[in-house]
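The numbering of the sequence shown is our numbering, which starts it at 42 and goes up by one. Think of the CB as a built atom: it goes at the ideal place given N, C-alpha and C, for glycine as much as any other residue. The structure appears right after this line, and notes come after that.
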Amino acid sequence: MELLKLNVVPCRFIERLNRFVALVEVGGDVRKALVTNTGRLEEFMIPGRKAFCTPKDGGKTDFVLVAFEDLNGKGAIIDTRTQARAFERAVELNLVPWLRDCRIKRKEVRVGNSRLDYLLECPSGEIYAEMKSAVLRGGDKGEYAMYPDCPSVRGQRHIRELIELARSGKRAMIFFIGAMPGVEKFSPYEKGDPEIARLLAEARKTGVEVHALSISLLPDGRVILERPSLEVELREDF
């Protein structure tokens, strides 16, 4: 199911200069591209790897690095803004089974010492929700989308805020965008941040809802919904 259409141009990754800027080759020229994903992304950021960029107006970069070519020519979407837009469109089209007949009431909602991504309005009431980007592939067959690929103090804080919301009687949710083709399940990556894995297990036991879906990019720039719901596997032995 098509969610978005992007104006993508082929590019090749050269190197990551810092957290937010990469060098890419576009049409034979070396250009700077914005990187919105703060993960390490080491499995994708390999010199010479084919990628997809979108032109950008203004600022210190000329493009946004949106995705890397992955399975069957489809793109693994690393751009968190595209991930968010795709999710919002899926909710608008009522394609997410675990958010049936819901709408986005507000974004960037202040909760405690954090800002959570969404306040959703659903038939059963409001849901405080946080979105995370899962673009690390795992499993023997590459069937898992995983998060995080490095320690995330911010991610830990968000999950703790959701736990407190659930304990206070509010409905709380964390969901993961498995932004890669061919994934079927989500699981936390314990080597990336073991505390995140522990907190997610605690969160679900406390009543926080944990969900995931998957999207990918077609070479012509279409962002598609691969799976509206991924199986979520969390350890129960913490």
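Beta-carbon proximity list for residue i, same chain, < 6 Å, skipping 5 on both sides
i: Glu225; result: Glu184
i: Lys173; result: Tyr188, Phe217
i: Ser155; result: Arg198, His199, Glu202
i: Cys163; result: Cys143
i: Leu47; result: Thr95, Gly262
i: Leu177; result: Met187, Asp190, Tyr230
i: Ala127; result: Leu44, Leu45, Ile256, Val264
Own chain partners of residue i with C-beta closer than 7 Å, once the 5 adjacent residues on each side are dropped
i: Glu267; result: Pro222, Ser255, Ile256, Ser257
i: Pro189; result: Gly80, Gly196, Tyr230, Gly233, Asp234, Ile237
i: Ile265; result: Met42, Glu43, Leu44, Ile256, Ser257, Leu259
i: Val273; result: Phe227, Val251, His252, Ala253
i: Asn135; result: Arg141, Asp142
i: Ile145; result: Glu129, Val132, Tyr159, Leu161
i: Arg208; result: Thr247
i: Pro88; result: Phe54, Ile55, Glu56
Endpoints, alpha helix (DSSP H) assigned at residue i
i: Phe128; result: 121-133
i: Thr95; result: Careful: Thr95 lies outside any alpha helix (DSSP H), inside the beta strand (DSSP E) at 91-96.
i: Ala220; result: Run containing Ala220: none; DSSP gives neither H nor E here.
i: Gly196; result: 194-208
CB-CB length for residue i against residue j, believed under 8 Å
i: Ala131; j: Leu44; result: 6 Å
i: Glu277; j: Ala242; result: 6 Å
i: Ala213; j: Tyr169; result: 5 Å
i: Leu161; j: Cys143; result: 5 Å
i: Val71; j: Cys52; result: Not confirmed; about 10 Å, so no contact.
i: Glu171; j: Ile215; result: 5 Å
i: Ile118; j: Phe85; result: Not a contact, Cβ separation roughly 10 Å.
i: Gly116; j: Ala175; result: Going by Cβ atoms, the distance from Gly116 to Ala175 rounds to 15 Å, so no, they are not a contact pair.
Residue range of the unbroken beta strand (DSSP E) whose run includes residue i
i: Val137; result: Run containing Val137: none; DSSP gives neither H nor E here.
i: Lys148; result: 144-152
i: Cys191; result: Unbroken run through Cys191: none, as it is neither H nor E.
i: Leu58; result: Taken as a continuous stretch (DSSP letters only), Leu58 belongs to no beta strand (DSSP E), as it is neither H nor E.
i: Gly179; result: 177-179
i: Glu43; result: 43-46
i: Leu157; result: 155-163
i: Lys73; result: 70-75
i: Gly114; result: Premise fails: Gly114 is in no beta strand (DSSP E) and is neither H nor E.
i: Leu30; result: No answer is possible for residue 30: the residues shown for the chain start at 42 and end at 279.
Residues near residue i in its chain [Cβ-Cβ closer than 8 Å; skip 5 each side]
i: Val62; result: Lys73, Ala74, Leu75, Val76, Lys101, Thr102
i: Glu205; result: Gly153
i: Gly166; result: Arg212
i: Ser270; result: Val137, Pro138, Trp139, His252, Ala253, Leu254
i: Arg147; result: Tyr159, Leu160
i: Glu104; result: This sequence places Phe at residue 104; Glu is not what is there. These residues qualify, in order along the chain: Val50, Cys52, Val65, Val67, Arg72, Lys73, Ala74, Leu75, Cys94, Thr95, Pro96, Lys97.
i: Arg90; result: Arg53, Phe54, Phe109, Glu110
Would you call the stretch 194-201 and the stretch 226-233 touching, i.e. three or more CB-CB distances under 8 Å?
-> no
Below 8 Å, can you find three or more Cβ-Cβ pairs linking the stretch 87-96 to the stretch 132-139?
-> no
Count the CB pairs spanning the stretch 107-125 and the stretch 168-187 that are closer than 8 Å, and state whether there are at least three.
-> yes
Starting from the N-terminal side, write out each stretch of the alpha helix (DSSP H) that is 4 residues or longer and does not extend beyond the stretch 223-267.
-> 235-247
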